[in-house]
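**Q**
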Amino acid sequence: MKILLTYLLLIIVGYNSFAQEIKGTVTDENKLPIPEVNITVKGKSITSKTDFDGNFVIKAELGDVLEFSMIGYDKVSQKAQSVMTVTLKESNQLLKEIVVVGYGSKKAGSITGSVAQIKAQDIIKTPAQSAIQAIQGRAAGVNIVTNDEPGANPSIRIRGLGTVLGGRDPLYIIDGLEASSLNGLSPNEIETIDILKDASSLAIYGQKGSNGVVVVSTKKGKGNKLKINYDAYFGVKMIQREVEMSDAYRYVYYNNSALGSTNYFNFDQPYNTNWLDEITGTGEVQSNHISMSGGSENVNFYFGATNFKEKGILNGTEFERTNLNSRNEYTFFDKKLKINQSVNVSIVRNTPKPLSAFTNAYKQSPIVPVKFDNGRWGVPLRDPSTGQVAINGSDRFNNVGNPAAQLYYTNEKNKNLVLFGNIGAELQLLKELKFNTNFGATFDWSKGYTFTPSREIWLSQNPTQEVENYPESEPVNILQQRRGDSYRWNWDNYFTYAKVFGKHDVKATLGMNRSTSNNTENISGTRWNVPEQSNYWSLDLSAYNTEVSPGSVVSNRRETPLVSLAYFGRFDYEYDNKYLFSASVRREGISTFQESKRWAIFPAFSGGWVMSNEDFLKDVKFLNYLKVRGGYGEVGNGNSLYALNIPVFAADYNYTFGGSQTIYPGSNQPYQVDPNLTWETMKEIDFGVDFRVLNNKLSGSIDVYDRKSENVILPVALPSVLSPDLVTLNTGTVINKGLELSLNWKQEINDNWKYSVSGNISFNKNELTNVNNAYFSNFIGGSINNGQWTKQVLVGEALGSFYVYDVTGIDGDGNFTYSDERVVAGSYLPTYTYGLNFTLNYKKFDFSVDTYGVGGNKLYNGKKAQRFGGENVEYDVLNNFWTPSNPNAANPRPFNEVPRSSTYYIEDGSYLRINNITLGYTFPKFFDQIDKVRLYATAINPFIFTKFSGYSPELSGNNNADPLGSAGIELDAYPTNKTFLLGLNVSF
Amino acid sequence: MKSILKYKLLFLTVLLLPFTACEDDLNVEPNTALTEFDFLNNPENAVKLVNGVYNKQLDYNMYSFSWIGMTSITSDDADKGSTPTDTGTDKHKMDNLTFVSSDISFNDVWKGRYDGIYRANNALFYLEQLTIDETLKNRLIGEVKFLRALFYFDLVRCFGGVPLVVSKIDINDTQTINEVVFVRKSKEETYALIEADLTDAINRLPLKSQYSPNDLGRATKGAAQALLAKAYLYQQKWQSAYDMSGEVISSNQYSLLTDYAKVWREEGENGTESIYEVQASLTNGLRDYTNVQGPRGTPDLGWGFNTPSVSLVNSYEAGDLRKAGTVMFVPSTLWDGFTAPNSWTNPRYNYKAYQSPIAETWNGDKGNTAKNLRILKFSDILLIRAEAASHLGLNDEAKDRVNQIRVRAGLPEVSSVTLADVLNERRWEMAMEHDRWFDLVRTGNALSAMALNGKTFVVGKHELFPIPSDQIIASGGRLSQNPGY
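Chains A and B supply the protein sequences, listed in that same order.
The first sequence begins at 1 in our numbering and counts up by one.
The second sequence begins at 1001 in our numbering and counts up by one.
(1) Hey, how far is the Cα of S1245/B from the Cα of K1399/B?
(2) Out of A600/A, T520/A, A798/A and Q594/A, which one is the CA nearest neighbour of D674/A?
(3) I need the boundaries of the beta strand (DSSP E) containing L722/A, first residue and last residue.
(4) Could you give the distance in angstroms between the alpha-carbon of F581/A and the alpha-carbon of P942/A?
(5) Roughly how many angstroms separate the alpha carbons of W1428/B and V1414/B, rounded to a whole number?
(6) How would you write the range of the alpha helix (DSSP H) that V1407/B sits in, first residue to last?
(7) Output needed for R652/A: all residues of its chain with C-beta closer than 6 Å, excluding positions within five of it in sequence on either side, in chain order.
(8) Which class does Q240/A belong to by DSSP, given the choice of helix, strand or coil?
(9) Near Q461/A, what residues of its chain come up, given a Cβ to Cβ distance below 7 Å and the 5 sequence neighbours on each side ignored?
(10) Does DSSP put H289/A in a helix, in a strand, or in coil?
(11) In angstroms with no decimal places, state the Cα-to-Cα distance between M238/A and G312/A.
(12) C1158/B: buried (16+ other C-beta within 10 angstroms of its C-beta) or exposed?
(13) Along chain B, which residues have their Cβ under 7 Å away from the Cβ of Y664/A?
(14) Is the separation between the beta-carbon of I1104/B and that of D1090/B shorter than 9 Å?
(15) Would you mind sorting V1458/B into buried or exposed? The rule is 16 or more other CB atoms within 10 Å of its CB.
(16) Measure the alpha-carbon distance for P603/A versus I204/A and round it to whole angstroms.
(17) Could you name the residues of chain A that D1025/B contacts, counting a contact when the two beta carbons are closer than 7 Å?
(18) Does the beta carbon of K621/A fall short of 8 Å from some heavy atom of the ligand ATP?
(19) Which chain B residues are close to P471/A, counting only those with a beta carbon under 8 Å from its beta carbon?
(20) Under 9 Å between C-beta atoms, does N786/A make it to chain B?
(21) Whole beta strand (DSSP E) runs in the region 880–911 of chain A with 3 or more residues, listed along the chain?
(22) Show which residues of chain A have a CB atom less than 9 Å away from the CB atom of T1298/B.
(23) Against Q428/A, what residues of chain B qualify as contacts under a CB-to-CB distance less than 8 Å, listed in chain order?
(24) Along chain B, which residues have their Cβ under 9 Å away from the Cβ of D333/A?
(25) To be precise: take each residue of the region 747–766 of chain A, compare its Cβ to all Cβ atoms of chain B, and keep it if any distance is under 8 Å. Which residues remain?
(26) Measuring straight from C-alpha to C-alpha, what distance separates L1130/B and I780/A?
(27) Starting from the beta carbon of T1089/B, find every residue of chain A whose beta carbon is closer than 7 Å, and list them in chain order.
(28) Cα separation between S326/A and I423/A?
(29) Are the Cβ atoms of V873/A and M245/A separated by less than 9 Å?
(30) Name the chain B residues that come within less than 9 Å of R557/A, Cβ to Cβ?
(31) Within its chain, find whatever has a CB closer than 6 Å to the CB of S992/A; leave out the 5 residues flanking it on each side and keep chain order.
(32) Look at the alpha carbon of M70/A and the alpha carbon of G569/A, and state the distance between them as a whole number of angstroms.
(33) Within the region 758–789 of chain A, note down every full beta strand (DSSP E) run reaching 3 residues or more, in order along the chain.
(34) What residues are listed by DSSP as bridge partners for Y230/A?
(35) If the criterion is Cβ atoms closer than 9 Å, does the pair Y625/A and F687/A meet it?
(36) For the region 1223–1249 of chain B, which residues have a beta carbon sitting closer than 7 Å to at least one beta carbon of chain A?
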């Protein structure tokens, strides 16, 4: 025994004595160290990796060939020496980039799913208070519908329509913090945005990833030097497109014809008002941002502050947001423990004005003045004896309010304080095993008030009445004070195991995620008759200060929280930097569904082959990089209309009894539920090719996907005898099939000229293939609120297709004739979306143009179809209308009836939007301390090319973009804006 | 070396703790409404559940614009009103009898009643499971059945036979739904259900005077009897109508108010003449009933629809006080002193719907007013008795009842009445109270009366309103449409 042991020892020692510890450093061409480089001893199974500083240690014999490899670099083989310096040459610049994926990160070259990355410099080019607007047109398959209201969020759709209901927006992950929007974050804070598009990447997020995931990494401090950035811009905002409305003459002509009269309205009117002009003006935007960052060996810090102010185009709207962001990273124990922490504060002050003023301006008659001659607000009153508008006219000929008065008397202010942040730690337990924990939370406190000057409003609607006529029992004014708070948090814990065995690179992740959201509480109180000056607007100063006072309403509402719990695991395998494989699984449960339906499992697997690293492609000169990849994944959606899918009894169905008419409480079950409601599952297969050719000048990727959403969760209306309110049901199967293509061409002509052109286009076909719920198969939607509906659930068509009568011609009376049955008239979902970007650099000048377009979609001009008698008409309606001498006109003869839902109101919704044109100049370095000073001018949304005759072809609709709601139907007259800015970037 | 290992192991176990997070966390308690379990545990909730059924009557789709359009604007008593350019979406079609099944009013009225029936069925279902005092439970069941009968009565008068849903249905029970919810029963079966519900309610409900003052406004035995009498009348069951109305009269719970005009004013609310009213109060009022019919123009009191017609105005006898109590003439000075000025759009408005901003309870909210809706009045019962008597040949009884009405209306008594006289009295007494259209249809006088008003009533079609087309689509085509639509 002893001899055996000694023998073994000798062998080992002997073996060791021939082998040595080879030390060295691996750097790139700029002498910067490269971490995580694989080093193998050729012919032996001895491996090592470089550390953070590029240093490595490996046991080898002198003269052994050591192979150094790393994705993104050309492989290098060198003979072993005691101390070595190895230089690796980059083969593909872009693949070094780290892409954040679920619970971890990968190098871009290792990605096997479909991920789009957008970097800081592209985001900065489109100043907006939301970084989302800046993404538009840059990522294939990502469709962004903008919203120009100050402070409002645009909505994102990734890869066509799959699901709805609270889950329309993708999940945003800001440095590990789950959030429902990027609202609190200034675009200046963002380093990269990674958009995970396909199921194999999303599956690890389970139900939260059902609409895609947008992972945001914010800027961190780097290096030892203190860096300071200052960005500012100032600009003006204007209406981009107007719909021309009739003037007084056309209005009178139309309404008289519709009534069959020649003189109901007199053609000679005292007033002619352009309402849109009266309520809008030029808006202004202004933003200032300053940040400091830096660090030392163990600490990195970043601190930024941004102030954004906007005066909107609607008279009186104002919005201001101030952000403070602080991010720090600390390392301890020789980098074995890293702690990162970020705290962000966002303070918003908003003076909103009702957007319905735009719609009232669309509808109100031009013969009504803003104010009558004696200064009283204009009201639609006609004097029957003269047919003219007069202040004492007895015929109130429409029900539309005075939009200028509406804006004047709206007194509302809102303030929000949002605190969000996260704290995380990464602990290197063993060389291959590390543990991450991350806790993120968002707290939102809101307060606001609305002051309604009731008596003034009454006087504005009754222009011949005076203050003495105002009934005593009515309030002089009403004050409502609102307070609310809401919070959400998520907590992730996971282990990551990473080891390299020769050419095999193995990584495994195992973890859990717990989150809660929808913890909202609101309380508001209303009282009458507070003093007129705004500094006295508190409820206690109401003239009715008693315990139970008239007009006193207190409302307190607490929402039911949503809780989710999930366990996940992922396995990644790479062989020789050529063959990639990844698999993940997530088991998730949410509180919404009833107990037996809560849990679901979402698996995914994907693989990739870096063909350009293969020997047979190594000599192909023009091909720099080629990867094919494919994957399958399942993602779920658990969002229902109601936070809990159980039958409940609600209060506030009160009724009066008794001689003294006391109100007694009443209850009711407002809706029934389907106890079988369970997860909606989306299964997707995705194949893709990424390539770089011609010396990295041309790069691109192609993706083909087939996505099937089963048990799609939608709100459905049942016959009221079964459930008066909507019921959430698993309704059917929707498929989305598509192709995404993106290409990028970059060329440096010489030292002075550089340009790049990139484009992306994606095609998507959406189809409802199966309905497995009887209520859903008979469901109609797209109501325009006057009894007419425009959409129906149709198997074999896109979800949310228009289903209207076809106009077959005009009859002898000038009215349309319709088909007997309704026909499918297209869908508001685009069949293709595309973006084109062009950048040009000449010496110190930079120029760029971004465009974005969609096609194949149809829109319904609902506001035109909602017209009531006495309201205004669009100018074009009288351009080619039926008269007995013009029987084949495009428009029917004037009418006041509620028109049928028909193809007359269906319009082509394709558009091409010039998103952004920027010209910038970087000043030559005049101070050594100052790194860069750049001055730029930008036009945002200066042109939109479209045939749609309404205000905006981007209509995401109500109810969180419910496809069977008002998505694709223009019901309001909100104009889009264009902005011209002048800005400055300074960094030192 | 060993201590570091110990630390690492300790760390590991600490780190694994979050992985044992409770699956129990997924059991979340609701914050916005009560679970079934919690609701049923509290016996006070029984009354609340029944109050919730009453509450349905305040909704917009019950008695507001759509109902006014279908029951009043269609008739010869009222015109669309308002300004000529305002169609009220489909009210001009109601006025001209050119309506179609896709018009919004029919869907509104249908949905409103079935929502009420849903609440009634739900209440009956849960009342069985709540442990409460038997007498109270008995009375509550009676109230719910009365309300359900009232909803079905509206449905059968408007649409004819309808689906009869009398119990809570599981939404996944497709078979029952296809058989019960999507199949129209006949008119006779519908009336049979109404009679059954009301007969049961009569046995359970106390008399109006037996209720505590706090419960004023709840369904009473008299209300159930009155509604049953009316249901008999519509089915032309003259003897039953005669007897049942007789019971109401002989209960001595009701009598006519002395001043006709005050019946619909706040001071006449829940008076001796009132058998059943929808109770409304400020902030919990009848939605938009006042707003729809309020005078239009300056000062702005409403949209101005449902104006009394010229034919109604001209039909009154000279000296009939009911004309001044029903029709508000413009210009004039109103009963509360308010000036009805020239700056109002229409020449006449429904005086019964008038809500005074100076003399009655009022807070400026036209859409939510305290005006109770009078559904059943004693004068209605007297006229039912008179009409039934007339059909049975009991002319003395008919004459006596009619004279009671006439004297209150400031008219001289008559010595005898024909059926036509009774029907005329009914028109004048109940003008603008949502009965005229149904009276014309059930008596077969619709064709001639509408022709006098310049409108074409199509026999064989207009006796029933169309089943809303949206409901037919929702039923997958199972519901059958009425003839002619």
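Idealized CB from N, CA, C, for every residue including glycine.
**A** Reading it off the structure:
(1) 15 Å
(2) Q594/A
(3) Looking at the DSSP string, L722/A is not in any beta strand (DSSP E), and its letter there is neither H nor E.
(4) 45 Å
(5) 16 Å
(6) N1395 to R1408
(7) The displayed chain sequence assigns Asp, not Arg, to residue 652/A. For D652/A, where only same-chain residues beyond five positions count, there are no Cβ hits under 6 Å.
(8) coil
(9) V379
(10) strand
(11) 9 Å
(12) buried
(13) N1051
(14) yes
(15) exposed
(16) 8 Å
(17) V563 and L565
(18) You won't find the ligand ATP in this model; it holds no ligand whatsoever.
(19) P1357, I1358, W1362 and G1364
(20) yes
(21) 906–908
(22) V379, L381, I391, N392, G393, S394, R396, Q461, N462, P463, T464 and Q465
(23) Near Q428/A there are no residues of chain B at all, since even the closest Cβ is about 11 Å away, more than 8 Å.
(24) Correcting the residue type first, residue 333/A is Phe in the shown sequence and not Asp. Near F333/A there are no residues of chain B at all, since even the closest Cβ is about 11 Å away, more than 9 Å.
(25) none
(26) 38 Å
(27) N786, G787 and V898
(28) 12 Å
(29) yes
(30) N1031 and T1032
(31) Nothing in the structure corresponds to residue 992/A, since chain A is present only between 1 and 988.
(32) 25 Å
(33) 780–783
(34) I290/A and V986/A
(35) no
(36) none
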